[in-house]
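So the protein sequences, as listed, match chains A and B.
Residue 427 is where the first sequence starts when you use my numbering, and the numbers rise one by one after that.
Residue 708 is where the second sequence starts when you use my numbering, and the numbers rise one by one after that.
First comes the structure, then the notes that go with it.
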Amino acid sequence: MYRRSKLLLLAIFLGVPAMAPAQAPAATAASQAPATQAQIAALQQAVQQAQSAGDNAWMLVSAALVLLMTGPGLALFYGGLVRRKNILGTMMQSFAMMGLVTVIWAIAGYSLAFGHGNWFIGGFEHVFLRGVGLTPNPDYAATIPEQTYMVYQLMFAIITPALITGAFAERMKFSAMAVFLGLWSLLVYSPMAHMVWGVGGLLNASGGHFPSLDFAGGTVVHVTSGVSALVTCIYLGKRVGYPHNNFPPHSMVLSFIGACLLWVGWFGFNAGSALGASSLATSAFVNTHFAAAAAALGWTVAEWIHNGKPTALGAISGAVAGLVAITPASGFVQPFSALLIGLVAGIFCSFMVFAVKSRLGYDDSLDAFGVHGAGGTLGALLTGLFAASVINPIFKDAAGNALPSGAIDGHWGQLLNQGAGVGIAWVLSIAGTLVLLFAVDKAIGLRVSPEHESEGLDLSQHGEEGYDLNS
Amino acid sequence: MVKIEAVLQPSKLDAVKDALLEAGIEGMTILEARGHGRQKGHTEFYRGREYTVDLLPKVKIELVVHDEMKEKAVQAIIGAARTGRIGDGKIFVSPVSEAIRIRNDERGETAL
């Protein structure tokens, strides 16, 4: 009996490897039936298609969420903050970006951002979206059609110039705004996007000269728009009557709704930057929400202490500040780092808006610089501090092992790279914006006349009234 | 005929309307207004800066009544609107030279 069971064991030992061809197809290819090979290939393709289906579904939803952030998110947020006579003018500025930047992006913007070029700018291989079809572009996102990637990135290109409109609210000509921001999209946005995310970009995390960690656009979107906003509001000058007269929001209700749409839409902005329905998207989603919440609390408490009352405007501005700051960090940090980043951003940006703006006297009407410029800069630097390879092993050695990401991993040098990214964003924004402002001003004039400013943009620029409560 | 104009706190509108109806006065015009007398405004916050809002919401009632009804109307308004604090409002009385009913061209006191 003992001998028989030994024989049985031996048979099993010899038999099992022969019965498991799926585990070592290369080694036993010669011994497999072609039918099994075909079945395996079909299964592999089905798995890949399932992966792509999940990724593409999330990416298309994310693209829609990011567009929602512009229209109506930003349109409402900014619209509620201006005087009633300027509500339509303000909303039209965001809406115009939805139309104009789309066309510019399709013609040349995408190619200049994501085509192959040099360290500074892409190329012309994709002008008129040539070559951008439904198969994936493995340079950027290997599991989704390139058109998904292109249209997702387009939504970022739309909202970035729309953010700038907050600085020059209530005083810029519609025509001049359209020309200025359309050109800005090509001269500042596309190059910055290329440098940070494009193949061969100077600041690209994978292979750039100064590998900069910017998950969803802290520098590309927020620093560029915020700094350009500051330059523009200083160039254009203050609104008539500012700061002697106070111009309180005509509808905090609209701004509140807009801010909540921004918060929800930001899940597409940050979690969608994982470019797939992955656990990295989950990380970014959680970090985004945590930062918004902590920042809203931070600004609210800071204001409560400073002024004695917590305002709704402070609370929603705090949330936005946290969302801005977490944008570059969202796919790199741990959840409690996100809470801390949000808290710091809420307090820091409130200080920028309360203390710094009034002390320096510039009329950044809707705090585009105070929240986006300052918050983006802060967030980009904090990303260098808190980026953890355990969340996202973005830096790898030649063997594919994960290297330390940020200071929290011991890689303090990353702060310098982040600084480089921020510095380049500031320089490009200042230079590009000044050139464009000067050129457009000379060509058609930027600012509305004092009479038109007094009459309001709705009537003077659009011949309409936002509210006709008597009709 | 006299015209009575009363500038009131908005919160007193319902009480004043009821009091006038009880006094037998049915016709009136209500306007939303902003203004202030000696009453100071309130402070609001915008971006951390405190500022004073001194154009406060008010309600204005206008009625045209027979001379005999004037005192009754005024007393009805005062009774309903008075709180004793600054900001209660004011009443102005002025003579009216003509009143016309649009529907049938009635003129004079019968038009009221």
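Every residue, glycine too, gets a C-beta built ideally from N, C-alpha and C.
Predicted model only: the values in this text are computed from it and were never measured.
Bounds of any beta strand (DSSP E) do not take in A/Tyr661; it lies within the alpha helix (DSSP H) bounded by 650-662. Distance between A/Ala472 and A/Ile767, taken at the CA atoms: about 41 Å.
For A/Lys599, there is no enclosing beta strand (DSSP E), as DSSP marks it with neither H nor E. The beta-carbon of B/Arg741 is placed no less than 8 Å from the nearest beta-carbon of chain A. For A/Phe758, no beta strand (DSSP E) run applies, since DSSP gives it neither H nor E. In this structure, A/Met495 lies near A/Trp692, with their beta-carbon atoms less than 8 Å apart. With a threshold of 8 Å between beta carbons, B/Arg810 makes no contact with chain A.
Closer than 8 Å to the CB of A/Val779 there is at least one CB belonging to chain B.
Per DSSP, reduced to three states, the secondary structure at A/His620 is helical. Among the residues facing chain B, A/Lys664 is not included, as its CB has no counterpart in that chain under 8 Å away. Between B/Ala788 and B/Gly794, the C-beta spacing is not below 8 Å.
Under the Cβ distance rule, B/Gly748 does not count among the residues neighbouring chain A, no pair being separated by less than 8 Å. Excluding residues up to 5 positions away in sequence, Gly548, Gly549, Phe550, Glu551, His552 lie with their Cβ nearer than 7 Å to the Cβ of A/Gly541 in the same chain. Identification of residues in the segment 723-755 of chain A having a C-beta nearer than 9 Å to some C-beta of chain B yields Glu729, His732, Asn733, Gly734, Lys735, Thr737, Leu739, Gly740, Ser743, given in sequence order. Runs of the alpha helix (DSSP H) lying entirely within the segment 798-855 of chain A and spanning at least 4 residues, in chain order: 800-812.
Around the beta carbon of A/Tyr788, a 10 Å sphere encloses 16 or more other beta carbons of the protein chains shown; the residue is thus reported as buried. Annotated three-state conformation of B/Ile807 is strand, per DSSP. By the CB criterion at 8 Å, A/Ser638 and A/Val622 fall inside the cutoff. In the three-state DSSP reduction, A/Asn512 falls in the helix class (H, G or I). Distance check between B/Val709 and each of B/Lys747, B/Val803, B/Gly815, B/Leu728 places B/Val803 closest, using alpha-carbon atoms only.
For A/Pro674, the nearest beta carbon of chain B is closer than 8 Å to its own beta carbon.
By the neighbour-count criterion, in which 16 or more other beta carbons inside 10 Å mark a residue as buried, A/Phe812 falls on the buried side. Annotation: the continuous alpha helix (DSSP H) that includes B/Ile785 extends over 777-788. Taking a 10 Å sphere around the C-beta of A/Ala857, we find fewer than 16 other C-beta atoms and assign the residue as exposed.
Under the DSSP assignment, B/Ser801 falls outside any alpha helix (DSSP H), being part of the beta strand (DSSP E) whose first and last residues are 796-802. Non-local C-beta neighbours of A/Pro761 in its own chain, meaning closer than 7 Å and more than five positions away in sequence, comprise Val712, Asn713, Phe716, ordered along the chain. Contact between A/His732 and A/Phe780 holds: their C-beta atoms lie close to 7 Å from each other, under 8 Å. What A/Ser784 touches in chain B, judged by beta-carbon distance under 9 Å, is Arg754, Gly755, Arg756, going in chain order. In the DSSP assignment, B/His749 forms a beta bridge with B/Val760. For B/Leu738, the enclosing beta strand (DSSP E) has its first and last residue at 736-742. When Cβ-Cβ separations below 8 Å define contact, B/Glu751 makes contact with chain A.
Annotation: the continuous beta strand (DSSP E) that includes B/Lys710 extends over 709-715.
For A/Ile683, the CB contacts under 6 Å within the same chain, skipping 5 residues up- and downstream, are Leu502 in chain order. Judged by DSSP secondary structure, A/Leu883 falls within the alpha helix (DSSP H) whose first and last residues are 883-888. With 16 or more neighbouring CB atoms inside 10 Å of its own CB, B/Arg754 falls in the buried class.
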